[in-house]
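Down below is the structure, laid out as structure tokens.
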Amino acid sequence: MLLAALGLAGPARAEHGFRGGGGEHPQHQPPPQRESGWRGGPGPQQPPPQRGPGPGWRGSGPPPQRGAAAGGWRGGPAPAGPRYAPPGRAPHEAREWHQNGGWQRQGGWARHERWEDHRAHDWRAEHRPWAQRGGYGGTYIPRGRFERRFGPEHPFRIYSRPVIYEGYPRFSYGGSSFLIVDPYPESWPVDWYASSDVYVGYDDGYYLYSRNDPGVALAITVMP
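Mind the numbering: the sequence shown is residues 2 to 225 in this note's numbering, read in order.
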């Protein structure tokens with residue numbers, strides 16, 4: 002009977018695992034391999050997965066290089082803006098446009114014989130950009146001289162009150178003479194020419210900008 006009982010107990014212990022105290026231990030079985038990665042102590046060193054320049058780069062190195070066709074500047078110093086390149090115009094065409102008061106088209110600012118009368122009542126309503134006037138038709142400053150003397154990198158101060166010429170304020174700078182064919186804003190002091198740094202810019206026509214109020218652009222024309 003005892004042998005029979007022992008013979009039955011053997012298979013039960015094999016199916017359900019060893020539960021007794023002492024006695025012979027079953028043979029050690031290695032832990033099953035897991036596909037989700039190593040969880041034990043120090044294991045074999047595996048090289049990190051290689052990351053290519055695919056979408057969504059997250060590495061610590063520099064992102065993949067992109068050509069200009071990818072669109073948009075992404076790093077480093079911004080590329081230089083378009084250079085000043087005025088169109089060619091025959092001198093007699095510029096003189097004719099000026100003599101006919103070409104800047105007065107589309108409700109441009111009228112002539113006034115006193116400096117004080119060139120101050121706007123509502124500058125936003127009374128100002129006219131060159132696009133609204135039918136385009137700039139006057140004389141152009143040569144590119145080399147413009148780049149040396151004009152633009153935001155070359156501010157200056159008029160100091161003396163502009164002289165009224167042909168009904169508009171006139172001032173000279175950088176080898177050229179200009180007419181201010183827009184009113185100056187009502188928010189500016191009457192003597193802004195003496196207290197504000199200004200510069201001449203170009204945007205399909207010439208404008209006078211004040212560093213104290215950079216959002217304002219007064220249309221000006223180059224005297225022939």
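Virtual Cβ for every residue (Gly too), placed ideally from N, Cα, C.
- If one requires a minimum length of 3 residues, the beta strand (DSSP E) runs lying completely within the segment 115-198 are 164-166, 169-174, 177-181, in chain order.
- In the three-state reduction of the DSSP assignment, Pro92 falls in the helix class, which pools H, G and I.
- Taking the Cα of Arg149 as reference, the smallest distance to any Cα among Gly176, Leu180, Ser196, Ser188 is reached at Gly176.
- Put simply, of Trp116, Val199, Ser197, Pro156 the residue whose alpha carbon is nearest the alpha carbon of Ile165 is Trp116.
- The beta carbon of Asp205 sits closer than 8 Å to those of Trp131, Ala132, Gly136, Tyr137, all from its chain and outside the five residues before and after it, given in chain order.
- Under the DSSP assignment, Asp214 falls in the beta strand (DSSP E) whose first and last residues are 214-223.
- Tyr210 has Tyr200, Ala218 as its beta-bridge partners, per DSSP.
- Apart from sequence neighbours up to five positions away, the residues of its chain that approach His99 with a beta-carbon distance below 6 Å are Gly139, Pro225, ordered along the chain.
- At a Cβ-Cβ threshold of 9 Å, Trp110 and Val182 count as neighbours.
- Assigned with DSSP and collapsed to three states, Trp110 falls in coil, not helix or strand.
- Annotated three-state conformation of Gly102 is coil, per DSSP.
- Going by C-alpha positions, Glu97 is about 13 Å away from Thr222.
- A check of alpha carbon separations from His155 across Arg144, Pro88, Val199, Glu114 identifies Val199 as the nearest.
- Rounded to the nearest whole angstrom, the C-alpha separation of Trp193 and Pro88 is 32 Å.
- When Pro153, His122, Asn101 are compared, the shortest CA-CA separation from Tyr208 is found for Pro153.
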